[in-house]
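Numbering (full-length UniProt numbering), first residue to last: 1 to 141.
Virtual Cβ for every residue (Gly too), placed ideally from N, Cα, C.
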């Protein structure tokens, strides 16, 4: 199992650091292009939520990103230093009364782009799991 960790201060401009981290991880672990876009959107959205909602833009609080590479699985974990949130009772962004709202779609996106999403530690930590076929595990050509 391979594991990579980084931490960033809660500044929106640090999303660029996360994008570079994902690009470097793609090169290092050679995951497919078709899942790369899903990973980029889901992980940056999760980090954005941690900065914005979890840590309330407090640059003295950090966001922690861990990538664990296991057989046929990538597990990204994003944690913040905020109070957590009630992830069980979120408004449905697809409900007619919410369609015009400018926000509220991040977790909906994550759940649709990832194979599995788990919230831990009262919502202060989210796991984003992607099932992936690694190239060495059975190309049939």
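Delimiting residues of the alpha helix (DSSP H) encompassing residue i
i: residue 81; result: Residue 81 -> no alpha helix (DSSP H), and no H or E assigned at all.
i: residue 45; result: 33 to 49
Host beta strand (DSSP E) of residue i (start-end)
i: residue 128; result: 125 to 131
i: residue 5; result: 2 to 9
i: residue 24; result: Element bounds for residue 24: not the beta strand (DSSP E) but the alpha helix (DSSP H), 15 to 29.
i: residue 62; result: 62 to 70
According to DSSP, residues forming a beta bridge with residue i
i: residue 119; result: 126
i: residue 109; result: Answer is none; residue 109 lacks a bridge partner.
i: residue 73; result: 70, 131
Exposed unless 16 or more other CB atoms sit within 10 angstroms - verdict on residue i
i: residue 10; result: buried
i: residue 100; result: exposed
i: residue 88; result: exposed
i: residue 62; result: buried
i: residue 77; result: buried
i: residue 49; result: buried
i: residue 46; result: buried
i: residue 138; result: Note on residue 138: pLDDT 44, under 50, position unreliable in the model; the coordinate value appears next. Exposed, by the Cβ-count rule.
i: residue 95; result: exposed
i: residue 106; result: buried
i: residue 91; result: exposed
Meets three-Cβ-pair contact criterion under 8 Å: the segment 11 to 21 and the segment 48 to 61:
yes
Measuring CB atoms only, is the segment 13 to 28 touching the segment 36 to 45, in the sense that at least three cross pairs come out at less than 8 Å?
yes
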